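Comments concern the structure below.
2 protein chains.
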Amino acid sequence: MDKEMNIIEGGVCAPKGFQASAVACGIKNPAVERLDLMLIYSEFPTVGAAAYTQNQVCAAPVRLSASNLKSAEPRAIIANSGNANACTGPDGIVHARAMSGGVAKLLGLKQREIQVCSTGIIGVPLPIDRIEPKLSDLVAGLAYDGEVAARAIMTSDTRMKEVSVSFSIGGKEVRIGAIAKGAGMINPHMATMLCFITTDAAVSKAEIVAATKEAVDKSFNRITVDGDMSTNDTVIVLANGQAGNKTITRSGEGSAEFREALSRVMLCLAKRIVSDGERVTKLVEVQVRGAASHLDAERVARAVANSKLVKCSWNGNDPNWGRILHAVGYSGARVKEEMVSIYLNGVIAAQHGRSAGTDGGKLIDAVSGAEFTVGIDLNIGKGEFSIYTSDLSPEYVEFNRTEYSAVRRK
Amino acid sequence: MDKEMNIIEGGVCAPKGFQASAVACGIKNPAVERLDLMLIYSEFPTVGAAAYTQNQVCAAPVRLSASNLKSAEPRAIIANSGNANACTGPDGIVHARAMSGGVAKLLGLKQREIQVCSTGIIGVPLPIDRIEPKLSDLVAGLAYDGEVAARAIMTSDTRMKEVSVSFSIGGKEVRIGAIAKGAGMINPHMATMLCFITTDAAVSKAEIVAATKEAVDKSFNRITVDGDMSTNDTVIVLANGQAGNKTITRSGEGSAEFREALSRVMLCLAKRIVSDGERVTKLVEVQVRGAASHLDAERVARAVANSKLVKCSWNGNDPNWGRILHAVGYSGARVKEEMVSIYLNGVIAAQHGRSAGTDGGKLIDAVSGAEFTVGIDLNIGKGEFSIYTSDLSPEYVEFNRTEYSAVRRK
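Written out as structure tokens, the structure is:
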């Protein structure tokens, strides 16, 4: 990042006045000892904002958290991995409320001041009997250490995702800390994706809501791994004002800097989520320009980014621009085939809707790295959109073949 | 099929007055001797109808055939495999016209009386210099043998797809013969899919057009393998009237029987295309009912049938109804989670949006066969839709990783 924003240590505990904790409950498998329940707690009152999955089938904790956020500012986030508590009927709400109510009591807070999240398998009852006995250890373990929280929300993630930054607003040092988990089902309009962000900036409620929406649109809503949309996606931002800056109001002083920083933190984690997607080997940015409209550009970007055949070809270092062009054609956007140009990592592959005659070896090189861009110019307008996506590997399919049976057999 | 319709031998040459032929041109690879150019010819005038890909990026032969069909009734179909002649610029049209014009001259027909099709890789110039010298052999080889044509259009198909039937209309024996190729990119609104159908029924132009549209909607537009839509999909139906029946007019005598037979022939081939899709191990019928509207039912069916995660689970015999329910949730259809029931091959897996408590072993058995149904009842209306789809295998991805590089390296 640039000179105005410094990467710092500490994750969600880098901002002043935030503590975290995690314990192992054996939620997925009692025989395996791994952190699977975490807590983030603000010592001071906050203003909060959140974005939840748009899937109509949504998990019980998402319903409860959305309801809580309407009636109170959140002081803490409790989240488990290993079970999504989704498609679990009325018991699901009872269990989510047991998590939030239990931890609220121990913290001396109201149930509605807790945000509660779950991630993992869908349709299996949450083993609340393994969670409740651990709540007192969870609260007792609170400390200025964010990393345990980042570890506890991992599911099939292979790497912990944590970032924290500091920057200056009106002469005061302000901090943002964030953790995320991703892996499967990373998708437009979010994924089995959790992201918890803390900041010690003083921010008005209206500003935190607007800044969160803007940052999510620029980051998590522009990534896709497999085109599926999770029942549990949640982004939560808590701001406790301990940095002592003059409160940032909507479009007021410091708003631009704060929004820029929040967006960059989310984009950083969003890209890590894609590149750590299940059995992903490539991070690909699909950049569309020259579309008849912004919406048309988005249609083209999403069609290409989600095409199974296009993603297979990337996995094989195969510069198959013809498959890209065919996805452009069925995207629903207005397209003039003979106007389309396609660039692979900046190297022109197709022009006027046909091969640009570029040497095949050069094109193979262009798509052989772990990160590359695919540029698509429709050459008929000014609409632009870009999205981050991944390849599709045989190992992804192998990995996703038997999740339900494996859990049910235990 | 039932007693009114008999399966007969002969493929596209089963109906009276149709001949076929095929030759090897080495289109994909000059070193490999395999049939890759075919011709179907009616000895008598016909009425014809066709359905072409709706992809805005469409192959040169599709454009030429659509244009030809507007100005003349087709007497012959020429088709090659090994190269799609798509995304090939102005040369593509020149090459397609060389195929149709060349064969027309040899047959004593006009160019516009020829339908021309190509299937194979996109974006590589058609090697017309290997095709033109073989046209005279192709025409000289015409005979009452449909199988060679079925073989010559195969690409990654592992099985030839051919069916022919006879039935009675007004006391006269009428025949329909058909061949098809599918494999990759099988999709709603058709796929890299070719289907050529001949019939000796006497049918009016208006009836053949209406019957073809109806049959395509009931068959090829209800299959999906990978959600991609090809640049080359084409269904062509030729009727030459040699059965001697009283001409079937739109909604007139014999129309119901003819449409029923045509739809069943297409559905038979459509199902074979799915089950022979690239590295497919399962044929799954997704049946949606109880939706708020027909369109909502279709949205749900397509979302489930195209979900990568759902398809992975089927590959692993994994009764992961939670993934199905999450795809229902993001389909865009109106859904009340607590109303949804899901059946795996008739065995209830979820009720009221949560586990129905069915024994896991029973559910695994339900999805372990090579063919099964997935029933989804939204329980809020009367909308229904069903679609045929497949699983997604690691081998599919492996197979699709390097097509372009492999061809370009030759």
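Chains as they are written, first to last, in this note's numbering: chain A, 10 to 419; chain X, 10 to 419.
C-beta: ideal position from N, C-alpha, C; glycine also.
All values derive from a computational prediction rather than experimental measurement.
By the three-class DSSP mapping on this structure, what secondary structure does residue i have?
{"i": "Phe267 (chain X)", "result": "helix"}
{"i": "Lys317 (chain X)", "result": "helix"}
{"i": "Phe229 (chain X)", "result": "helix"}
{"i": "Met194 (chain A)", "result": "Any reading at Met194 (chain A) must be qualified, since the residue scores a pLDDT of 44, below 50, and its modelled position is unreliable; no value is offered."}
{"i": "Val212 (chain X)", "result": "strand"}
{"i": "Ser127 (chain A)", "result": "strand"}
{"i": "Ala200 (chain A)", "result": "For Ala200 (chain A), the pLDDT reaches just 44, beneath the cut-off of 50, and the residue's location in the model is therefore unreliable, although a value from the coordinates is still provided. Ala200 (chain A) falls in the coil class under three-state DSSP."}
{"i": "Gln120 (chain X)", "result": "helix"}
{"i": "Gly150 (chain X)", "result": "coil"}
{"i": "Lys170 (chain X)", "result": "strand"}
{"i": "Gly392 (chain A)", "result": "strand"}
{"i": "Met163 (chain A)", "result": "coil"}
{"i": "Glu262 (chain A)", "result": "coil"}
{"i": "Glu404 (chain A)", "result": "helix"}
{"i": "Arg43 (chain X)", "result": "coil"}
{"i": "Ile17 (chain X)", "result": "coil"}
{"i": "Ile421 (chain X)", "result": "Chain X is shown from 10 up to 419; residue 421 (chain X) falls before or after that span and cannot be answered."}
{"i": "Ser177 (chain X)", "result": "strand"}
{"i": "Ser90 (chain X)", "result": "strand"}
{"i": "Ile257 (chain A)", "result": "strand"}
{"i": "Cys22 (chain X)", "result": "helix"}
{"i": "Val283 (chain A)", "result": "helix"}
{"i": "Val56 (chain X)", "result": "strand"}
Mind checking who residue i pairs with in its DSSP beta bridge?
{"i": "Arg298 (chain A)", "result": "A:Asp386"}
{"i": "Ala375 (chain X)", "result": "Ala375 (chain X) is not bridged to any residue."}
{"i": "Thr398 (chain X)", "result": "X:Val293"}
{"i": "Thr243 (chain X)", "result": "X:Tyr61 and X:Leu203"}
{"i": "Tyr50 (chain X)", "result": "X:Gln28 and X:Ala85"}
{"i": "Val309 (chain X)", "result": "DSSP lists no partner for Val309 (chain X)."}
{"i": "Ala359 (chain A)", "result": "A:Ile351 and A:Ser364"}
{"i": "Asn249 (chain A)", "result": "DSSP, once it has assigned bridges, lists no residue as partnering Asn249 (chain A)."}
{"i": "Asn329 (chain X)", "result": "Asn329 (chain X) pairs with nothing; no bridge assigned."}
{"i": "Ala187 (chain X)", "result": "X:Val172 and X:Ile206"}
{"i": "Glu380 (chain X)", "result": "X:Leu292"}
Which term fits residue i, buried or exposed, when burial requires 16 or more other beta carbons within 10 angstroms of its beta carbon?
{"i": "Lys25 (chain A)", "result": "buried"}
{"i": "Lys255 (chain X)", "result": "exposed"}
{"i": "Gly384 (chain X)", "result": "buried"}
{"i": "Lys143 (chain X)", "result": "buried"}
{"i": "Phe53 (chain A)", "result": "exposed"}
{"i": "Gly378 (chain X)", "result": "exposed"}
{"i": "Thr167 (chain A)", "result": "exposed"}
{"i": "Pro70 (chain A)", "result": "buried"}
{"i": "Asp386 (chain A)", "result": "buried"}
{"i": "Pro39 (chain X)", "result": "exposed"}
{"i": "Ser260 (chain X)", "result": "exposed"}
{"i": "Glu380 (chain X)", "result": "exposed"}
{"i": "Ile16 (chain A)", "result": "exposed"}
{"i": "Tyr397 (chain A)", "result": "buried"}
{"i": "Glu42 (chain A)", "result": "exposed"}
{"i": "Val133 (chain A)", "result": "buried"}
{"i": "Val295 (chain X)", "result": "buried"}
{"i": "Tyr153 (chain A)", "result": "exposed"}
{"i": "Lys391 (chain X)", "result": "exposed"}
### Query
Between the stretch 78-90 of chain X and the stretch 122-132 of chain X, do at least 3 Cβ pairs fall closer than 8 Å?
Touching, per the Cβ criterion.
### Message
Contact between the stretch 294-306 of chain X and the stretch 261-277 of chain X is defined here as three or more beta-carbon pairs at a separation below 8 Å; is this criterion met?
### Response
Between the stretch 294-306 of chain X and the stretch 261-277 of chain X, the count of C-beta pairs closer than 8 Å stays below three; the two stretches do not touch.
### Message
Beta carbons nearer than 9 Å to chain X: which residues of the stretch 94-121 of chain A have them?
### Response
So the list reads Ala95, Cys96, Thr97, Gly98, Pro99, Asp100 and Gly101, given in the order they occur along the chain.
### Message
Taking 8 Å as the cut-off, does the stretch 199-213 of chain A touch the stretch 270-279 of chain A (at least 3 CB pairs, one atom from each stretch)?
### Response
They touch, by the three-pair rule.
### Query
If contact means a Cβ-Cβ distance below 8 Å, which residues of the stretch 63-84 of chain A contact chain X?
The residues in question are Gln63, Asn64, Gln65, Val66 and Cys67.
### Query
Going along the chain, which residues of the stretch 315-339 of chain A sit with their C-beta nearer than 9 Å to a C-beta in chain X?
Answer in chain order: Asn315, Ser316, Lys317, Leu318, Val319, Lys320, Cys321, Ser322, Trp323, Asn324, Gly325, Asn326, Asp327, Pro328, Asn329, Trp330, Gly331, Arg332, Leu334, His335, Ala336, Val337, Gly338 and Tyr339.
### Query
Which residues, in chain order, does the stretch 162-178 of chain X contribute to contact with chain A at a C-beta distance below 8 Å?
Considering only beta carbons, no part of the stretch 162-178 of chain X lies closer than 8 Å to chain A.
### Message
With a threshold of 8 Å, are at least 3 pairs of Cβ atoms found where one atom belongs to the stretch 44-59 of chain X and the other to the stretch 169-180 of chain X?
### Response
Fewer than three beta-carbon pairs drawn from the stretch 44-59 of chain X and the stretch 169-180 of chain X are found closer than 8 Å, and the two stretches are therefore not classed as touching.
### Message
For the stretch 111-120 of chain X against the stretch 147-166 of chain X, do three or more pairs of beta-carbon atoms, one drawn from each stretch, fall closer than 8 Å, so that the two count as touching?
### Response
Yes, they touch.
### Task
Quick one: which residues of the stretch 352-364 of chain A get their C-beta closer than 8 Å to a C-beta of chain X? List them in chain order.
Flagged, chain order: Ala359, His361, Gly362, Arg363 and Ser364.
### Task
Answer yes if the stretch 325-345 of chain A comes into contact with the stretch 332-346 of chain X, meaning at least three C-beta pairs across the two stretches below 8 Å, and no otherwise.
A contact between stretches requires three or more CB pairs, one per stretch, nearer than 8 Å, and the stretch 332-346 of chain X fails this requirement with the stretch 325-345 of chain A.
### Query
Of all the residues that make up the stretch 12-28 of chain A, which are near chain X by a beta-carbon distance shorter than 8 Å?
Correct list: empty, as no residue qualifies.
### Task
Taking a Cβ distance cut-off of 7 Å, strictly less, list which residues of the stretch 367-401 of chain X are near chain A, in chain order.
Those would be Gly369, Ile373 and Leu401, in chain order.
### Task
Below 8 Å between beta carbons is the criterion; list the residues of the stretch 119-140 of chain A that meet it against any residue of chain X, in chain order.
So the close ones are Ile130, Ile131, Gly132, Val133 and Pro134.
### Query
Taking Cβ-Cβ distances below 8 Å as the criterion, which residues of the stretch 286-311 of chain A are in contact with chain X?
Listed by position along the chain: nothing, the set is empty.
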